[in-house]
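Chains as they are written, first to last, in the working numbering: chain A, 3 to 202; chain B, 3 to 202; chain C, 3 to 202; chain D, 3 to 202. Here a beta-carbon is modelled for each residue, glycine too, at the ideal position from N, C-alpha and C.
Protein chains: 4
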Amino acid sequence: MRLAGELFAQKGFRATTVREIADAAGILSGSLYHHFDSKESIGDEILAGFLNDVLAAYRAAVEAAGDPRDTIERIVRTSSHTLARHRAALTMLQNDWNYFSTQPRFAYLRKDLREIERIWTTQLERGKEAGIFRDDLDVRITYRLLRDILWLPMISLQAGGFDTDEVVDSFLRLLFDGITSRDARARAGRSATRLGQLGG
Amino acid sequence: MRLAGELFAQKGFRATTVREIADAAGILSGSLYHHFDSKESIGDEILAGFLNDVLAAYRAAVEAAGDPRDTIERIVRTSSHTLARHRAALTMLQNDWNYFSTQPRFAYLRKDLREIERIWTTQLERGKEAGIFRDDLDVRITYRLLRDILWLPMISLQAGGFDTDEVVDSFLRLLFDGITSRDARARAGRSATRLGQLGG
Amino acid sequence: MRLAGELFAQKGFRATTVREIADAAGILSGSLYHHFDSKESIGDEILAGFLNDVLAAYRAAVEAAGDPRDTIERIVRTSSHTLARHRAALTMLQNDWNYFSTQPRFAYLRKDLREIERIWTTQLERGKEAGIFRDDLDVRITYRLLRDILWLPMISLQAGGFDTDEVVDSFLRLLFDGITSRDARARAGRSATRLGQLGG
Amino acid sequence: MRLAGELFAQKGFRATTVREIADAAGILSGSLYHHFDSKESIGDEILAGFLNDVLAAYRAAVEAAGDPRDTIERIVRTSSHTLARHRAALTMLQNDWNYFSTQPRFAYLRKDLREIERIWTTQLERGKEAGIFRDDLDVRITYRLLRDILWLPMISLQAGGFDTDEVVDSFLRLLFDGITSRDARARAGRSATRLGQLGG
DNA sequence: TATGAATGAGGGTTCATTCAT
DNA sequence: CATGAATGAACCCTCATTCAT
């Protein structure tokens, strides 16, 4: 299971052969089928377990938190642990998405991802209404940017040997404040924010 | 070529068969080999063309721009066009990275990616020194976050039907200012920035 | 095709490997798939061709003939040629019936077999009404006996839900007296028994 | 044993897995091997038991009966019971004949079948000599027709090397007039046809 | 240029059988 | 007696690639 997940993450789901999984487990390929119905069912367990954990963490964050900013911070912080536990699953999702997304068996992936999107956009929307977030925020685009920035780099960064807390803090800082320094922002704010011109 | 690229992007490089490429081109699979040495060489041309364009655009941005902030904004804006032209290549890179990265033939991918990283980190470093960017910025982590946030969502968002300019603006706004509204930041700044506590 | 059919007939459909078929054809197993989608599709062509021929011959016999006795004699005579041409198909049907009959792809087998039964029973019924055949003939049982004796049984009569004694009686009656009614035999006997001419 | 036999009959010997047999018996596949040496040995017991019963019944019929007609009727009548008791075995023989017939372990099948043929042909021959059966009867062809119609055909007549026209003529003669000679029928008609009592 | 038959290695999967527990 | 993990050979099928035409 864990072995298979790591191989799937390393080489891709399609590119990993059951013989390789069996080799890693120290058994023969045929013996795998004593424990699993098929290669797909291994992937299924891995991915379903991941999405269940993510959704559980998200729902807990929503219930425990106060304002949307708090909710999002909780989601981000809990995600760092969830994603760390399911690094293989996330990599599989990223690498072999166009395989899984076309297989009927994995239809639940789309459903769960929609649920995740709903949670994010709800928080962003509420934050806009409460004046906590910029009111020109496009919640759908922002969600995509945030989820990708949160999920995808988390893998490579953690795999790259970066410290988890460090990554999370960098992410949150970027998320809430951008990369601009306070002084620079002050200077820009005095004349006319350059970003104010962006929308054209 | 273009046909092949789109198939590769749609279904993945490994998952696309030469027969499918030939079918799309209206010829038979064997006939493809009068135009290409191998399936790999098709992928090679597509990926090499993409990275050449990206690097050329980056270098032009560096030369044309003034301060690091300007450089980065130019890079982001030019990237939206480069990536749009090479959506297939980028998707291939994302989906089949662990295939390409292990093939000797595609060793240049790692080299070019390192060059791209060098350009980003140089700008971020210079921005920190000039007081334009926060001086607690981890340039390597930030680069990874930024590249991924810039490259990966660009694909899915464009594929999702979002307007390119809108995406770029959302990205830049997030990049320089985060999602926090000015008022909320002012309130937070008065007591103690919550993010200041994050690093522990 | 013919080679495959003969192997299927000799060793059974399931028991014949695609490698054996390819060997018989002088090519490698993979090369078979240039000509056929799958092993099943080979079986499909063979069986469908057989049943089409049989049904065509049956319908022609029905249209060309006069009384039911004539129809049945035509069917029997034409069957000997049809079956000779499709010996492999018939053997496959006999040996691997419980495989084919459970595969959705081969659902048409059941349909065609029902059509064949309809033709037989219609003729037997008409013969009874015309006084040519014994009027105590059970057309369904008789059809099963006749088809099996003609085709080389595919299906068990007892498994078909018929009462054992009834089957035995029908069999003995057929065996000792045939299906010809006493009156018809008497009429035939007065001039020259038609059967007397059969052996030449 | 009985469970295995029924599964073999239902799905074929080859197509039935030992796991299915074990499941039906409520144990695990490995545990079967405490009761049987191998899957083949299960088939062996089933088939050998069947053929022993058949041969015993045939020999008893030969000893108990008077004239050949009586012998054959006894054989047919006793067969209906023997075959009912061994339906699974017969179906196995029919479906997987070309498997069993090539396995050295099952060589006795051919031997027993030859013995059965000897009994039939002896009776038919004696009937011809005694004037009870038509003297133009081909005993080998007739035996094949009778056994197949009685047993649910195992073997193709044409594959057995018989001449097609001969087969057709024999079949038609049997079909329309039965095997009873005109004289025998006349004699029987004077008192009461024995077949007339069958249904009663 | 294009064809298309052929290759051959390798893919996922099945299954009768073994054996330590 | 029963378990169930493991075996290993064989199965059907895929696919990038070659090559005579």
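- prompt: Hey, Thr84(B) and Asp55(B) are a contact pair by Cβ (cut 8 angstroms); roughly how many whole angstroms apart?
  reply: 5 angstroms
field: the stretch 35-43 of chain C touching the stretch 31-51 of chain D, judged by at least three CB pairs closer than 8 angstroms
entry: no
- request: If I'm right that Leu49(B) touches Leu5(B) with Cβ under 8 angstroms, what's the distance once you round it to whole angstroms?
  value: Actually they are not in contact, since the Cβ atoms of Leu49(B) and Leu5(B) sit about 16 angstroms apart, beyond 8 angstroms.
For Gly14(C) and Asn100(D), believed in contact at Cβ under 8 angstroms, the rounded distance: 5 angstroms
message: Please list, in chain order, the chain A residues whose beta carbon lies closer than 8 angstroms to that of Leu53(B).
response: Within chain A, no C-beta atom comes less than 8 angstroms from the C-beta of Leu53(B); the nearest is roughly 18 angstroms away.
task: Helix, strand or coil for Thr104(A), going by three-state DSSP, please let me know.
output: Here Thr104(A) sits in coil by DSSP.
query: Could one say the Cβ of Arg116(B) lies closer than 8 angstroms to chain A's Cβ atoms, at least one of them?
result: no
message: Taking a contact to mean a Cβ-Cβ separation below 8 angstroms, would you say Ala26(D) touches Ser33(D) in this structure?
response: no
task: Report the neighbours of Ile134(A) on chain B: residues whose CB is nearer than 8 angstroms to its CB, in chain order.
output: Thr182, Ser183, Ala186
message: On the DSSP letters alone, give me the boundaries of the alpha helix (DSSP H) that Thr124(D) sits inside.
response: 109-131
- prompt: Taking C-alpha atoms, which residue in Gly163(A), Ile77(A), Val64(A), Gln12(A) lies nearest to Thr93(A)?
  reply: Gln12(A)
message: Determine, for Gly7(C), whether the minimum Cβ-Cβ distance to residues of chain D falls below 8 angstroms.
response: no
- request: Assign Phe15(A) to one of three DSSP states: helix, strand, or coil.
  value: coil
task: Would you mind sorting Glu75(A) into buried or exposed? The rule is 16 or more other CB atoms within 10 Å of its CB.
output: buried
- prompt: Do we get a CB-CB distance below 8 angstroms when we pair Ile23(A) with the residues of chain B?
  reply: no
- request: Note down, in chain order, each residue of its chain lying with its Cβ closer than 7 angstroms to the Cβ of Leu30(B), except the 5 sequence neighbours on either side.
  value: Ala24
- prompt: Excluding sequence positions up to five away, which residues of its chain have a Cβ less than 6 angstroms from the Cβ of Phe135(B)?
  reply: Gly129
- prompt: Listed in chain order, which residues of the stretch 82-105 of chain C have Cβ atoms closer than 9 angstroms to some Cβ of chain D?
  reply: Ser82, His83, Leu85, Ala86, Arg89, Leu92, Thr93, Gln96, Asn97, Asp98, Trp99, Asn100, Tyr101, Thr104
- request: Could you tell me the boundaries of the alpha helix (DSSP H) in which Arg46(D) lies?
  value: Correcting the residue identity first, residue 46(D) is Asp in this sequence and not Arg. Where Asp46(D) is concerned, the enclosing alpha helix (DSSP H) stretches over 41-66.
Test: Arg16(D) CB closer than 8 angstroms to a CB of chain C: yes
message: I'd like to know if Gln12(D) contacts chain C, where contact means its C-beta is closer than 8 angstroms to some C-beta of that chain.
response: yes
message: Classify Arg187(A): buried if its beta carbon has 16 or more other beta carbons within 10 angstroms, exposed otherwise.
response: Buried, by the Cβ-count rule.
- request: Closer than 7 angstroms by beta-carbon distance: list the chain A residues that pair up with Val169(B), in chain order.
  value: Ile143
field: Inter-residue spacing [alpha-carbon to alpha-carbon] between Ala67(B) and Leu174(B)
entry: 16 angstroms
message: Suppose the cutoff is 7 angstroms on Cβ atoms and the five residues either side in sequence are ignored; what does the same chain contact list for Asp69(B) look like?
response: Excluding the 5 residues flanking it on each side, Asp69(B) has same chain C-beta neighbours closer than 7 angstroms at Ala132, Ile134, in chain order.
message: What residue range does the alpha helix (DSSP H) around Asp165(A) cover?
response: Neither: Asp165(A) is in no alpha helix (DSSP H) and is coded neither H nor E.
Nearest-angstrom Cα separation, counted from Ala62(A) out to Phe102(B): 39 angstroms
field: Selection from Phe52(D), Ile121(D), Arg79(D) that minimises the alpha carbon distance to Gln96(D)
entry: Phe52(D)
query: Does DSSP put Gly28(C) in a helix, a strand or coil?
result: coil
- request: Helix, strand or coil for Met3(C), going by three-state DSSP, please let me know.
  value: DSSP places Met3(C) in coil when its eight states are reduced to three.
field: Buried or exposed (CB count within 10 angstroms, at least 16 for buried), Arg87(B)
entry: Its Cβ having fewer than 16 others within 10 Å, Arg87(B) is exposed.
- prompt: Count the other CB atoms within 10 Å of the CB of Met156(D); is the residue buried (16 or more) or exposed (fewer)?
  reply: Caution is warranted here: a pLDDT of 30 is assigned to Met156(D), below 50, making its placement in the model unreliable, and no coordinate value can be reported.
query: Excluding sequence positions up to five away, which residues of its chain have a Cβ less than 8 angstroms from the Cβ of Leu9(C)?
result: Thr18, Glu22, Ile23, Ala26
- request: Check whether the Cβ atoms of Tyr60(B) and Ile151(B) lie closer than 8 angstroms to each other.
  value: Judged by beta-carbon spacing, Ile151(B) lies beyond the 8 angstroms limit of Tyr60(B), meaning their Cβ atoms are not closer than that value.
query: Since Leu34(D) is in the alpha helix (DSSP H), which residue starts that stretch and which ends it?
result: From DSSP, Leu34(D) is part of no alpha helix (DSSP H); its letter is neither H nor E.
8 angstroms Cβ cutoff, Phe38(A) in contact with chain B: By the rule that beta-carbons nearer than 8 angstroms mark a contact, Phe38(A) does not touch chain B.
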